[in-house]
Structures are given as C-alpha cells and as structure tokens.
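Chemist: With positions in the sequence shown counted from 1, the corresponding number in this note's numbering is that position plus 83.
By construction, the Cβ of each residue, glycine as well, lies at the ideal position given by its N, Cα and C atoms.
Model, not experiment: these values are computed from the prediction.
Next up is a structure, given as structure tokens.
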Amino acid sequence: MGCDYLSLATPGVQGLHPYLPGKPIAELEREYGVSNIIKLASNENPLGSSPAAIAAVRSGLDELWLYPDANGFELKQALSRRLGLETECITLGNGSNDVLVLLAEAWLSPEHNAVFSEYCFAVYPIATQAAGAEARIAPALAADSDMPLGHDLQAMTDRIDANTRLVFVANPNNPTGTWLDNVALRDFVANVPETCLVIIDEAYLEYAGEGQGSDAAVWLADFPNLVVTRTFSKAYGLAGMRVGYALSNPQVAAVLNRVRQPFNVNGLALLAAEAALEDADFLARTKAVNDRGMQQLRSGLLDLGLGVIPSAGNFILVDMQREAMPIYDALLRKSVIVRPVGNYGLDQHLRITIGTQEQNATLLAALADVYS
Ligand SMILES: *Cc1c(COP(=O)(O)O)cnc(C)c1O
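Here is the structure:
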C-alpha cells in the first residue's frame with residue numbers, strides 16, 4: 084500500500100480510540116475453550132427480553148423486504164402517550180448511542196468543545212473526538228466522597244464557556260453507577276447557557292430507586308437546551324435490537340432529523356420496542372431481580388473485602404484492591420466475563436453487571452477462589 088490512510092483521515096478520527104465492548108460469549112468459548120459462560124460485562128438484562136417483544140419480532144419476519152417506517156410513527160405515538168410529550172420532541176436512534184453521535188455531528192466542530200466528567204460513558208469522548216472538537220474533562224468527585232468517582236457538577240459548570248455546545252451528564256452514570264441529586268441537577272441545567280445543549284443520559288433510569296434517578300423529561304418545558312436520552316437496551320432487554328431515543332424541544336429534534344440516516348431504526352427493532360414498552364410486568368420483574376441481586380452482590384463483595392461504589396444502575400463498580408486485569412483474566416478462565424475499566428483510567432476496578440441470583444452466586448464463588 085502506497086498511502087497511509089490513517090494520516091489521510093480527518094484529524095479527529097486520527098486521534099480516535101475505538102470503543103472496547105464487553106467480551107462476547109462466543110469469543111471466550113473460542114479463545115479459552117470454556118463452556119457454561121456467564122456474561123456480566125455489558126449491563127444486559129439477565130432475564131432476556133420481554134416475551135411480548137420476542138413475539139412482536141416474530142410477527143415482523145415476513146416483512147424484512149420492506150423498508151421500515153422512517154419516522155417510526157407507531158413507536159413515537161406510544162412514547163408520546165407514555166411520556167406526555169408531543170411526537171415532535173422525539174428522535175429515535177439505532178440505540179441511544181446513535182442519538183449521542185448525532186448530537187455531536189450536528190453541534191460539534193473543531194471550533195467547539197464538549198464538557199463531560201472523568202469516568203463517564205466512553206461514547207461521549209469518542210463522539211467528541213470524531214467531530215474534531217475539544218474535550219473538556221471535569222475531574223470526578225474524590226474516591227472518599229459521598230458519591231465516589233461521580234460527576235462533580237461544579238467542576239463541569241466551571242468548564243463551560245461560549246464555545247461549549249454540548250455537556251454530557253449520565254444519571255445514573257456508567258461505569259460508576261453513581262447518581263446526582265435531583266435538585267442539584269436541575270440547578271445545574273438552569274445555569275448552563277442556552278447556547279449549550281445539556282444531554283442527560285438516562286440509560287439506567289428504570290433501575291434507579293427512589294431519589295436516585297432524575298426523570299429529567301419533565302423539565303423539558305422549562306429548558307429549551309435540555310436533551311434527555313433513553314434506551315431499550317438495558318431494563319427493556321433489547322440490547323441486540325439497537326433502539327433508543329432522545330427527547331428535546333422540537334427544534335433540536337428537527338436538527339437531529341436532518342443528520343440521522345432516514346432508516347436508522349430497523350423494522351424489527353421498532354416492533355420490539357413498541358411491545359416492550361407495554362410490558363409492565365417484565366419491567367417490574369427486571370427491577371425486582373436487580374434490587375435483590377444488587378444487595379446480594381454488594382454484601383458478597385464487601386465480605387470479600389473489596390471496595391464497592393454505590394450504584395443506582397444494574398451494575399457495580401468494584402475496587403479490587405489490586406491490579407484488576409489478572410483478576411479479570413482469572414474470572415474468564417472460570418467462565419465468567421466481567422468488564423475491565425482500565426480504558427476509563429480505572430486500573431484497579433472491574434465493572435460487574437447484576438445477574439440472576441444464581442449467576443451472582445457463581446461470580447462470588449469464582450472471586451472467592453481467586454482471592455483465596
Ligand atoms: C448502555 C448505555 C447507553 C446506550 O446504549 P445503546 O445500546 O446504544 O442504547 C447510553 N448511555 C449509557 C451511559 C450507557 O451505559
């Protein structure tokens with residue numbers, strides 16, 4: 084090859100580091116020859132998907148030859164009824180990842196900057212970098228604070244200026260699991276200049292307990308620069324279908340609509356999401372299993388002498404008290420996949436998704452072995 088195609092890529096893309104996903108089950112099978120694998124690495128729903136969503140996908144198999152509804156009419160109607168917002172406020176995405184990237188494509192360029200916290204969701208820096216914009220990283224709260232490694236809203240405010248177009252806030256946050264006080268978050272939004280969009284990423288909203296989640300959608304009427312993103316990947320158990328959405332004022336949604344691919348959400352995903360939205364029973368079971376599993380894992384991890392960060396999500400960030408990669412690898416050999424977070428600057432931590440009671444017990448037993 085005569086050309087160096089990396090050096091011909093845009094400056095933003097040249098500095099890009101690819102997203103590191105959790106290890107797929109089939110890959111671990113191939114690499115280590117182990118079986119009966121438990122994956123607690125990607126915050127997937129241990130109950131699988133809503134039976135209603137699976138049935139809806141089956142019902143759509145005869146129409147794979149048709150383009151999907153580019154406007155997602157039915158799903159938007161269902162969301163609109165559920166949320167009490169006009170359909171014009173909704174932008175559907177191929178996962179909420181898609182809408183996060185669309186926001187960066189539409190509002191970030193090399194003259195602009197985006198603000199986010201240290202230890203935030205990896206997609207924020209990736210989307211910012213790809214757009215060639217400056218990333219302004221606010222140091223997280225201290226490890227010995229009330230909300231260890233969580234977002235420091237004051238530090239974030241301090242980094243916003245006239246060239247800041249986006250500020251990303253995840254509540255609850257991934258990979259830390261930490262959450263923000265509702266009043267403090269609303270005050271923060273109120274103080275951001277209107278030229279800067281505030282993105283509140285609520286991927287784990289459904290798991291958050293009393294006083295933990297923000298449900299910031301109710302603030303949309305007060306703040307034209309507010310964007311709330313949500314997903315069907317986590318509590319709704321549809322990570323493989325790729326569907327999420329943004330809620331915003333209609334003008335912001337119209338801009339996102341200009342940049343998105345016309346058919347960014349596929350037909351089966353639209354059907355699955357509509358059905359999942361109506362399955363209150365599945366959501367309730369999901370929440371109950373997560374609440375119990377959170378207690379089980381927390382106390383088991385504390386018994387092992389490990390450090391546990393408070394979490395409002397379906398995962399726990401654990402301070403392994405030593406370099407985490409060898410422990411990650413030892414767990415792989417025992418057929419358990421968890422998530423290393425060295426790429427987030429957390430070399431001593433692992434992120435562990437809450438599984439079923441049995442999966443959690445298996446993980447705890449494997450860890451006890453590793454630490455014995
Ligand atoms: C998982 C996750 C998402 C979105 O995932 P999609 O599958 O793309 O909807 C968004 N934000 C955070 C913080 C997440 O952890």
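(1) What residue from Asn373, Leu380, Asp298 and Phe306 has the CA that sits closest to Pro276's CA?
(2) Is Lys461 near ligand 1, in the sense that its beta carbon is under 7 Å from a heavy atom of that ligand?
(3) When the Cα atoms are used, what is the spatial distance from Arg368 to Glu289?
(4) Give the single residue among Ser179, Ala109, Ala216 and His100 whose Cα lies nearest to the Cα of Gly327.
(5) Tell me the DSSP secondary structure of Leu249 in three-state form.
(6) So, does the stretch 308-320 touch the stretch 348-364, judging by three or more C-beta pairs under 8 Å?
(7) Taking CB distances under 8 Å as the criterion, tell me whether Asn254 reaches chain C.
(8) Let's test the definition: count the other Cβ atoms within 10 Å of the Cβ of Arg141 and tell me whether it reaches 16, buried, or not, exposed.
(9) Looking only at its own chain, which residues have a Cβ that is under 6 Å from the Cβ of Ala358, when we skip the five neighbours before and after it?
(10) Using a Cβ-Cβ cut-off of 7 Å (strictly less than) and excluding sequence neighbours within five positions of Leu387, which residues of its own chain qualify?
(11) I need the straight-line Cα distance from Pro345 to Asn177, nearest angstrom please.
(12) Starting from Thr314, follow its DSSP beta bridges and name the residues at the other end.
(13) Would you say the beta carbon of Phe456 comes nearer than 7 Å to a heavy atom of ligand 1?
(14) Is there contact between the stretch 333-353 and the stretch 178-192, where contact requires at least three CB pairs shorter than 8 Å?
(15) Looking only at its own chain, which residues have a Cβ that is under 7 Å from the Cβ of Thr93, when we skip the five neighbours before and after it?
(16) Opposite Val401 in the DSSP bridges: which residues?
(17) Counting pairs of Cβ atoms below 8 Å between the stretch 168-177 and the stretch 406-413, do you hit three or more?
(18) Can you check which of these residues, Asn256, Leu389, Arg422 and Met324, is closest to Leu354 by C-alpha distance?
(19) Is Gly320 near ligand 1, with its Cβ less than 7 Å from a heavy atom?
(20) Do Ala456 and ligand 1 come close, with the Cβ less than 7 Å from some heavy atom?
(21) Could you compute how far the alpha carbon of Pro129 sits from the alpha carbon of Lys370?
(22) Between Ala291, Val117, Trp148 and Asn126, which has its C-alpha nearest Ser394's C-alpha?
(23) How should Gly155 be labelled, buried or exposed, when 16 other C-beta atoms within 10 angstroms of its C-beta is the threshold for buried?
(24) Can you grab the Cα-Cα spacing for the pair Asp284 / Leu330, in whole Å?
(25) Among the candidates Leu123, Arg422, Asp298 and Thr259, whose CA atom is the shortest distance from the CA of Cys203?
(26) Could you give the first and the last residue of the continuous alpha helix (DSSP H) run that contains Asp241?
Modeler: Inspection of the coordinates gives the following:
(1) Nearest of Asn373, Leu380, Asp298 and Phe306 to Pro276, Cα basis: Phe306.
(2) Shown here, the chain extends from 84 to 455; a query on residue 461 therefore has no answer.
(3) Going by the C-alpha atoms only, they are around 12 Å apart.
(4) Checked all of Ser179, Ala109, Ala216 and His100; the closest Cα to Gly327 is Ser179.
(5) In this structure, Leu249 counts as strand in the three-state DSSP scheme.
(6) Touching, yes.
(7) No chain C is present in this structure, which holds just one protein chain.
(8) By the neighbour-count criterion, in which 16 or more other beta carbons inside 10 Å mark a residue as buried, Arg141 falls on the exposed side.
(9) Excluding positions up to five away in sequence, the list reads Ala135, Ala136 and Ala139.
(10) The beta carbon of Leu387 lies closer than 7 Å to those of Leu450, Ala451 and Tyr454 in the same chain, with the five residues before and after it left out.
(11) Rounded to the nearest angstrom, the two C-alpha atoms are 11 Å apart.
(12) Gly327.
(13) There is simply no residue 456 to check, as the chain begins at 84 and stops at 455 in what is shown.
(14) Segments in contact, yes.
(15) Exclusion of the five residues before and after Thr93 leaves Gly215 as the residues of its chain whose Cβ lies within less than 7 Å of its Cβ.
(16) Partner(s): Val391 and Leu433.
(17) In short, these stretches do not touch, since the Cβ pair count stays below three.
(18) Leu354 has its Cα closest to that of Met324, out of Asn256, Leu389, Arg422 and Met324.
(19) No, the beta carbon of Gly320 sits no closer than 7 Å to any heavy atom of ligand 1.
(20) Lying before the first or after the last residue shown, residue 456 is absent from the chain, which here runs from 84 to 455.
(21) In a straight line, the C-alpha of Pro129 is about 11 Å away from that of Lys370.
(22) By alpha-carbon distance to Ser394, the top candidate from Ala291, Val117, Trp148 and Asn126 is Ala291.
(23) Per the 10 Å Cβ criterion, buried.
(24) CA-CA distance, Asp284 to Leu330, rounds to 10 Å.
(25) It is Thr259 whose Cα lies nearest to the Cα of Cys203.
(26) The continuous alpha helix (DSSP H) containing Asp241 extends over residues Leu236 to Asp241.
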